[in-house]
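Worksheet: one structure, shown below.
Structure, rendered in structure tokens:
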């Protein structure tokens with residue numbers, strides 16, 4: 313973690329992994345007490361982890377300058393999100409967008425609250441409104457794509473997730489879901505590149521993709537490639553319950 317401020321007095325906590333920026337969390341410091349600053353960081357970090365997912369980047373350009381009244385409501389909404397109080401969070405976020413329909417961050421958070429509450433229709437509307445207000449905003453693009461994937465609307469998911477990858481090519485999750493969407497419409501040749509990119513970006517977190525690729529290669533009759541994927545998987549998950557079965561396949565098919 314490192315902290316940064318920009319000339320207009322706003323502060324950000326930048327989360328880095330292997331020297332790469334993973335996320336940037338805007339902090340609104342209400343008091344000078346270290347305890348209050350720390351609490352503000354914890355609340356926003358929890359919210360980001362729950363809603364945005366691995367690899368999402370909130371840049372300075374994606375923050376929103378709202379009125380003091382709406383900013384107060386937004387902080388209350390994020391507090392409700394951190395407590396998993398989805399009903400109160402949704403009510404507060406609805407107040408914000410009613411007062412300022414251009415607040416793409418609030419629309420995004422509202423979509424995520426609805427998504428987590430299984431209100432997929434309302435979530436889709438909120439995400440689409442966020443994207444309408446900020447076409448290149450990564451978080452609603454990723455989450456809308458995931459929502460469309462969950463509804464088996466794979467063509468729509470591909471269109472949305474392609475935009476998400478364009479907005480943030482460093483997101484393992486976006487690459488993963490885009491690859492999976494291509495697999496679902498039987499376009500394995502397009503899927504492989506995105507799945508491999510997801511592994512490259514997050515080798516341990518996306519280790520199970522090796523199993524997906526192995527099945528794909530096995531089905532195509534490329535058993536040596538399948539065996540190689542199983543071997544790469546076992547390097548990362550050496551205690552997997554199917555280890556002996558996978559080792560047998562590797563021994564029989566690896567060149």
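Residue numbers (the numbering used here): 313 to 567.
We put the beta carbon where it would ideally sit given N, CA and C, even for glycine.
Alpha-carbon to alpha-carbon, residue 423 and residue 498: The sequence position of residue 498 within the chain shown is 186, counting from 1. The sequence position of residue 423 within the chain shown is 111, counting from 1. Between residue 498 and residue 423, the C-alpha separation is close to 30 Å.
Can you tell me whether residue 390 is buried or exposed? The criterion is at least 16 other CB atoms within 10 Å of its CB, across all chains shown. Taking the first residue of the chain shown as position 1, residue 390 is located at position 78. By the neighbour-count criterion, in which a residue is buried when 16 or more other Cβ atoms sit within 10 angstroms of its Cβ, residue 390 is buried.
Rounded C-alpha distance that separates residue 413 from residue 561: Residue numbering aside, residue 413 sits at position 101 when the chain shown is read from its first letter. Residue numbering aside, residue 561 sits at position 249 when the chain shown is read from its first letter. Between residue 413 and residue 561, the C-alpha separation is close to 56 Å.
Are residue 471 and residue 487 closer than 8 Å when you measure CB to CB? Numbered from its first residue, the chain shown carries residue 471 at position 159. Numbered from its first residue, the chain shown carries residue 487 at position 175. In this structure, residue 487 does not lie closer than 8 Å to residue 471 by Cβ.
In this structure, does DSSP put residue 497 in helix, strand or coil? Position 185 of the chain shown, counting from 1, holds the residue named residue 497. In the three-state DSSP reduction, residue 497 falls in the coil class, being neither helix nor strand.
Nearest neighbour of residue 512, chosen from 482, 534, 467 [CA to CA]: To locate residue 512, count along the chain shown from 1; it is residue 200. The shortest C-alpha separation from residue 512 is found at 482.
Less than 6 Å between C-beta atoms, sequence neighbours within five positions excluded: which residues of the same chain meet that for residue 559? Stepping through the chain shown from its first residue, residue 559 is reached at position 247. None.
Classify residue 399 as buried or exposed, calling it buried when 16 or more other Cβ atoms lie within 10 Å of its own Cβ. On the chain shown, position 87 is the one that residue 399 refers to. Looking at its Cβ environment, which holds fewer than 16 other Cβ atoms inside 10 Å, residue 399 is exposed.
In whole angstroms, give me the CA-to-CA distance for residue 507 and residue 516. Translated into positions along the chain shown, residue 507 becomes position 195. Translated into positions along the chain shown, residue 516 becomes position 204. About 13 Å.
Nearest-angstrom Cα separation, counted from residue 393 out to residue 501: If you number the chain shown from 1, residue 501 lands on position 189. If you number the chain shown from 1, residue 393 lands on position 81. So the alpha carbons of these two residues sit roughly 40 Å apart.
CA-CA distance, residue 441 and residue 566? Translated into positions along the chain shown, residue 441 becomes position 129. Translated into positions along the chain shown, residue 566 becomes position 254. The straight-line gap from Cα to Cα measures roughly 50 Å.
Please say whether residue 475 and residue 453 have beta carbons closer to each other than 8 Å? Your numbering for residue 453 matches position 141 in the chain shown. Your numbering for residue 475 matches position 163 in the chain shown. Result yes, Cβ atoms of residue 453 and residue 475 sit closer than 8 Å.
On a CA-only basis, which of 418, 538, 385, 458 is nearest residue 477? Give me that one, please. Position 165 of the chain shown holds residue 477. Ranking 418, 538, 385, 458 by Cα distance to residue 477 puts 458 first.
Separation of residue 531 from residue 543, as counted between CA atoms: Start at 1 with the first residue of the chain shown, and residue 543 comes out as number 231. Start at 1 with the first residue of the chain shown, and residue 531 comes out as number 219. About 17 Å.
Collapsed DSSP secondary structure at residue 376 in the structure displayed: Here the question's residue 376 lines up with position 64 in the chain shown. Correct three-state label for residue 376: coil.
Between which residues of its own chain and residue 494 is the CB-CB distance below 6 Å, once the five residues before and five after are set aside? Within the chain shown, residue 494 is the residue found at index 182, counting from 1. Cβ within range, chain order: 502, 503.
Using C-beta distances below 6 Å, list every residue in its chain close to residue 421, excluding the 5 sequence neighbours before and after it, in chain order. Stepping through the chain shown from its first residue, residue 421 is reached at position 109. So the qualifying residues of the chain are 405.
Spatial neighbours of residue 388 within its chain, please: CB distance less than 7 Å, with the 5 preceding and 5 following residues excluded, ordered by chain position. The residue given as residue 388 occupies position 76 in the chain shown. Counting only Cβ-Cβ distances below 7 Å, and skipping sequence neighbours, we find 404.
How long is the line joining the alpha carbons of residue 377 and residue 464, rounded to whole angstroms? Counting from one through the chain shown, the residue named residue 377 turns up at place 65. Counting from one through the chain shown, the residue named residue 464 turns up at place 152. Distance between the alpha carbons of residue 377 and residue 464: 36 Å.
Terminal residues of the alpha helix (DSSP H) in which residue 552 lies: The count along the chain shown starts at 1 and reaches residue 552 at position 240. Segment: none, residue 552 is in no alpha helix (DSSP H) and carries neither H nor E.
Do residue 547 and residue 525 count as a contact pair if the criterion is CB distance below 8 Å? If you number the chain shown from 1, residue 525 lands on position 213. If you number the chain shown from 1, residue 547 lands on position 235. Taking 8 Å as the Cβ cut-off, residue 525 and residue 547 do not qualify as a contacting pair.
Rounded Cβ spacing between residue 401 and residue 425 (contact assumed at less than 8 Å): Here residue 401 corresponds to residue number 89 of the chain shown, with the count starting at 1. Here residue 425 corresponds to residue number 113 of the chain shown, with the count starting at 1. Rounded, the Cβ-Cβ distance is 5 Å, consistent with contact.
Just verifying my parser: in three-state terms, what is the DSSP assignment at residue 383? In the chain shown, counting from the first residue as 1, residue 383 sits at position 71. Helix.
Limits of the unbroken alpha helix (DSSP H) element including residue 285: With the chain covering 313 to 567 only, the question about residue 285 has no answer from this structure.
What whole-angstrom Cβ distance do residue 408 and residue 386 have, given they're in contact under 8 Å? Stepping through the chain shown from its first residue, residue 408 is reached at position 96. Stepping through the chain shown from its first residue, residue 386 is reached at position 74. Between residue 408 and residue 386, the beta carbon gap of about 6 Å places them in contact (Cβ cut-off 8 Å).
Using only CA atoms, which one of 549, 518, 537, 415 lies nearest to residue 484? What you label residue 484 is simply residue 172 of the chain shown in a count that begins at 1. Considering only 549, 518, 537, 415, the residue with the shortest C-alpha distance to residue 484 is 518.
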